[in-house]
Amino acid sequence: MDYKKTKAPASTITRDIQTLEKGTNNIYESIAIIAKRADQIETDLKKELDTKLEEFASANDSIEETFENHEQIEISKFYEKLPNPVLMAIEEFLDDKIYYRHPETEETF
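Residue numbers 0 to 108, in numbering that gives the first Met the number 0, belong to the letters of the sequence shown in order.
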């Protein structure tokens, strides 16, 4: 998923509990689903950022040779400005973009 195009708010907003429990009829289950999705988003963003920053790493880095790389700073600033993964997960949940299931209640043949 392209997290750069998310419509999630950049800061926390007050939510109505009834809107969060609309898909599951259980607020705790909804929060668990959102938390798991937020962990997935955070992991994806971390991997993406690490791969982009690896391009700037050099094999012979030392403390004396540290210098500013403006591209690296811009990439880091971009990822810092992205909404919190929890806010992205809430937005996905409210837009019914998260698939979840209950394997313990599914029949197996």
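In this text, a Cβ means the ideal position worked out from N, Cα and C, and glycines have one as well. These figures come from a predicted structure and were not determined experimentally.
Straight-line Cα distance separating residue j from residue i
i	j	result
Thr5	Thr104	33 Å
Pro82	Lys21	23 Å
Ala9	Asp94	17 Å
Lys80	Arg100	32 Å
Thr23	Ala37	18 Å
Glu41	Pro84	6 Å
Glu47	His69	18 Å
Lys96	Gln71	32 Å
Asp15	Ile89	12 Å
Ile32	Glu54	34 Å
Thr18	Asp49	35 Å
Leu44	Pro102	28 Å
Supposed contact pair residue j and residue i - C-beta distance, whole angstroms, cut 8 Å
i	j	result
Ile26	Lys51	Rounded, the Cβ-Cβ distance is 37 Å, inconsistent with contact.
Ser29	Phe77	The Cβ separation is near 30 Å, so there is no contact.
Ala7	Met87	5 Å
So within the segment 9-93, which uninterrupted beta strand (DSSP E) runs reach at least 3 residues, ignoring any that extend past its ends?
none
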